[in-house]
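**Student:** This structure is in structure tokens; I'll ask about it shortly.
Protein chains in written order, with our numbering: chain A, 26 to 374; chain B, 26 to 374; chain C, 26 to 374.
Laid out in structure tokens, this is it:
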């Protein structure tokens, strides 16, 4: 039997199946430093132990998206090695704060399977869970991905499209954010006076800055997450493909956009949930990423007066500044748009 | 009111004003590893806990320039986002040793303002201070920078050029260097036998090696310092600018030159002060950096027999080896010279 | 006397001489994170404290090759600054597990000297030893390198070619691997069910994936190891050389190939010894590295039932997938082959 992992094809998945992914990973201060170096993130809670302690954390937590990427990376060898496209995310909730020294594992449950009419591919829906060795969950999300069939003639392994929430309910937010002492939250050190009540639904914010991406950067990032998807690393094969070159991991785009969004959302320090996300267009090395946000909603958290939630649409573009908040031309996305992400962030009241 | 930071223009500064900068940062072993990976620094005190402990440190301190860059990076959003040019540094003193786990903050006091005759720009002088959460100072320096006016017609906000020392006094050196046990300083492990008395004023040292810089490297470094100056990251905007491409952070050049200077100054392990520095020409990715040093002065520290101070001129060039110590052609710098730095280093007696 | 290190020439070496190399280095979680980011390594013992503890380590050890590169890097300024070619390795044994916080030093003993018939160069054989400050050895290996003479007329400093073992004896393996609890080794989390008995001598494994290398990546890696060999960093000088560009550190190739080999050898978690290795062709930035392995031998370790040893040939290529296990065309290596490495790996019984 082959000792190398060929990846699963569509007909290899079973509804209800739970997949335990390799490789356990202890995340450290080294990972946090690399994350800062790769994205230039400046949210003070994640940047400073002193700031984090003052408001109620035992020390600076790891960036939520670093946790997401490490948990996500583990799923690639089992779920998406033979994927044609990553189609979407939903119901992503951050459930527990993660600190340097914590170890992360991931399992995925197959919650939906739908063959495409061509019979060449099918869509696989998984609910992936990141957890610590004590079994406590740190992150949960649904993703669906179009996967090749090995054999077109094979019968579809199932036929179920799961019902997914379009928005994570406010009552489900905040598990990964301890009660914080808002009076100890130093808005001067954080870099902005704007808090919960200062953001209005409908408000749009251009994050102004642009960040050009290099091949070395996205490869270093994606390997840090132990994400092995071949399209990111193998120029020899990619040059022969339809795309023609290495494709940048979509999570790298999310982290770049989130980091750029500090300029305008400096106190929205914690991502509590991701309602959905689409990688509208690919990003390549040499492109410059810009971003803008729209406040979709503003919600109090049941039983909490320390922080509130902003529902934000985060849009990233390439080689296209965002002063006019580019999104669609008619029904289609503008060609420069690369990411359309819908998430809940927590911010001091 | 805009939630994004537009940066201050010349007329927004006030003499005597103290600016508390965002973002607090806990520096870690992760930052130290990245610093080594970016510059290849080999000074043993910063490289080895065992070496550092043997001579009197509790553990290996962070590289002085890493501390400088982190402290400096915080000032960019408030001081130099609309800067035309970084004109100079003076009176920079390292005041306290910094170890992994320490958190750094920065404040700046406006100590000088001088409108230029064009009335389009002005020079802002700030004294910036890096400090720990307990208030203890780790670093202090003056920098002056040419800043655009928002409105040419606006009155100058002040008219004072501060008097600055051309050289930091020897009596002010050494606060960030604990008393060291010179007998425990292993010159073999350090890589050189040369100590204080072996360097003569007037002596010039070619540091021989060259280091080529890549876009990914300087971007990773500059983001690590949470320095947000746009010229370093945004190829899309830079391509349209007069410069035509991304400009490398001047501090990256200083760190490269300092690291190259190990070959010839292996025991000059601590930067105690920077008397002044000029970025004579820009550095771009693909250029190869070389460096040479001149011993300007040699001074005993009052009350200390463990270490002495060398006043060094550190000159960096691009695509130009330094065997003949290139500096000026007539009154002007040679076109290949990119850095002319004047600093005090401590070295065992 | 010159303060910069000119490197040793062939006639500067003496048989039996022991060279104490600079620079001591404390390796940290920061180095481990960078190692993961540079190679994407996924061996669970090195990736997870929890996994390592479960089987008997106090915490996750550092990757064996990271230890090798750090120990090796120290030898460059004294041994190979004037080297023409790195000719080979032998008798490399890993002797003690290394954890974050440990400090590494290196000494080398000159064990062979052989002038070439041209009298322009000679071969220097050294046995290098990596050790901790308490004197305990962590690594030992022999390397030989062709070094320029300063003066062709100088007499050869010695004439001895040492006898070297072609294979490290099985009885000498395992010192750096504590007794492990194989029942606690989670093969699911490790990513493969294959253990000692599942590998047969003669078996060949294509590791499938390819990894393209960027200039920034190999420079960051090689500086992390404080390896100062000029050919890796100085594009200005290299452009004028016969090679025409920067050459990638051979150790970078070994680490890339080892990391790729996870796909097929996921449980071969520890490199116990390197029997020999040849860098058959140079690697340059932009090339894509592939790898395959052959199981040469399978051996039980005397007195140990927890782990066994696989003797593996690890072959790396550039821009050449390895499905057909490329190696030689007649007597010569195929032009695409860049590495031919022979090593012992430990794997659970």
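We put the CB at the ideal spot given by N, CA and C, even for glycine.
Listing by chain order, which chain A residues have their CB less than 9 Å from the CB of residue 30/B?
**Tutor:** 216, 217, 233, 288, 289 and 291
**Student:** Using a C-beta to C-beta distance shorter than 9 Å, which residues of chain C count as neighbours of residue 130/A?
**Tutor:** 73, 75 and 214
**Student:** Of all the options 339/C, 246/C, 230/C and 33/C, which has the alpha carbon lying nearest to the alpha carbon of residue 57/C?
**Tutor:** The option with the nearest alpha carbon to residue 57/C is 246/C.
**Student:** With distances taken between CB atoms, is the gap from residue 67/C to residue 216/C smaller than 8 Å?
**Tutor:** yes
**Student:** Would you list the residues sitting across from residue 316/A in a DSSP beta bridge?
**Tutor:** According to DSSP, residue 316/A bridges with 341/A.
**Student:** Quick one: Cα of residue 53/B to Cα of residue 85/A, how far?
**Tutor:** C-alpha separation (whole angstroms): 12 Å.
**Student:** With DSSP run on the structure shown, which of helix, strand or coil describes residue 41/C?
**Tutor:** coil
**Student:** Which residues does DSSP list as the beta-bridge partners of residue 373/A?
**Tutor:** 332/A
**Student:** Looking at the C-beta of residue 64/B, does it have a partner C-beta in chain C at a distance below 8 Å?
**Tutor:** yes
**Student:** Near residue 311/A, which residues of its chain fall below 8 Å by C-beta distance, leaving aside the five closest residues on each side in sequence?
**Tutor:** 237, 238 and 239
**Student:** In chain order, what are the residue ranges of uninterrupted beta strand (DSSP E) at least 3 long that sit wholly in the segment 151-188 of chain B?
**Tutor:** Runs found: 162-173.
**Student:** If you measure beta-carbon to beta-carbon, which residues of the segment 257-281 of chain B are closer than 8 Å to chain A?
**Tutor:** 258, 259, 260, 261, 262 and 271
**Student:** Figure out for me which residue from 373/B, 304/B, 107/B and 34/B has the closest Cα to the Cα of residue 205/B.
**Tutor:** 373/B
**Student:** Using only the alpha-carbon positions, how far apart do residue 156/A and residue 282/C sit?
**Tutor:** One C-alpha to the other measures close to 30 Å.
**Student:** In terms of DSSP beta bridges, what is residue 70/A paired with?
**Tutor:** Per DSSP, none; premise fails for residue 70/A.
**Student:** Please report the straight-line C-alpha distance between residue 117/B and residue 308/B, rounded to a whole angstrom.
**Tutor:** 23 Å
**Student:** Taking only the alpha-carbon atoms, compute the straight-line gap between residue 202/C and residue 75/B and give it to the nearest angstrom.
**Tutor:** 24 Å
**Student:** Who are the neighbours of residue 242/C on chain A, taking C-beta pairs under 8 Å?
**Tutor:** 241, 244 and 245
**Student:** Scan the segment 159-191 of chain B for residues whose Cβ lies nearer than 7 Å to a Cβ of chain F and list them as they occur along the chain.
**Tutor:** No chain F is present in this structure, whose protein chains are A, B and C.
**Student:** Whole angstroms are fine: how far does the CA of residue 163/B sit from the CA of residue 318/A?
**Tutor:** 37 Å
**Student:** Where do the ends of the alpha helix (DSSP H) carrying residue 248/A lie?
**Tutor:** Counted as a single uninterrupted DSSP element, the alpha helix (DSSP H) harbouring residue 248/A occupies residues 240-249.
**Student:** Please classify residue 367/A: does DSSP put it in a helix, a strand, or coil?
**Tutor:** strand
**Student:** Is the CB of residue 124/B under 8 Å away from at least one CB in chain A?
**Tutor:** no
**Student:** Can you name the start and end residues of the beta strand (DSSP E) that residue 29/B belongs to?
**Tutor:** Here residue 29/B belongs to no beta strand (DSSP E), and DSSP marks it neither H nor E.
**Student:** Looking at residue 226/A: is its Cβ nearer than 8 Å to the Cβ of residue 322/A?
**Tutor:** yes
**Student:** Step through the CB atoms of chain A and report whether any lies within less than 8 Å of the CB of residue 144/B.
**Tutor:** no
**Student:** Among 114/B, 99/B and 357/B, which residue has its Cα nearest to the Cα of residue 167/B?
**Tutor:** 114/B
**Student:** Check whether the Cβ atoms of residue 124/B and residue 83/B lie closer than 8 Å to each other.
**Tutor:** yes
**Student:** Taking the alpha helix (DSSP H) that residue 284/A belongs to, which residues open and close that run?
**Tutor:** 275-285
**Student:** Enumerate in chain order the residues of its own chain whose CB-to-CB distance from residue 110/C is below 6 Å, with the five nearest sequence positions on each side excluded.
**Tutor:** 171
**Student:** Since residue 284/C and residue 126/C are thought to touch, with beta carbons under 8 Å apart, how far apart are those beta carbons, to the nearest angstrom?
**Tutor:** The Cβ separation is near 24 Å, so there is no contact.
**Student:** Throw me the rounded Cβ distance for the residue 193/C and residue 27/C pair, which I believe falls under 8 Å.
**Tutor:** About 40 Å separates the beta carbons of residue 193/C and residue 27/C, which is beyond the 8 Å limit, so they are not a contact pair.
**Student:** With 8 Å set as the bound, which would you pick, yes or no: does the beta-carbon of residue 371/C sit closer than that to a beta-carbon of chain B?
**Tutor:** no
**Student:** If you measure between the beta carbons of residue 278/C and residue 320/C, is that distance less than 8 Å?
**Tutor:** no
**Student:** Kindly indicate if chain C contains any beta-carbon less than 8 Å away from that of residue 230/B.
**Tutor:** yes
**Student:** Give the residues of chain A in contact with residue 237/B, contact being defined as C-beta atoms less than 8 Å apart.
**Tutor:** What residue 237/B touches in chain A: nothing, since even the nearest Cβ is about 13 Å away.
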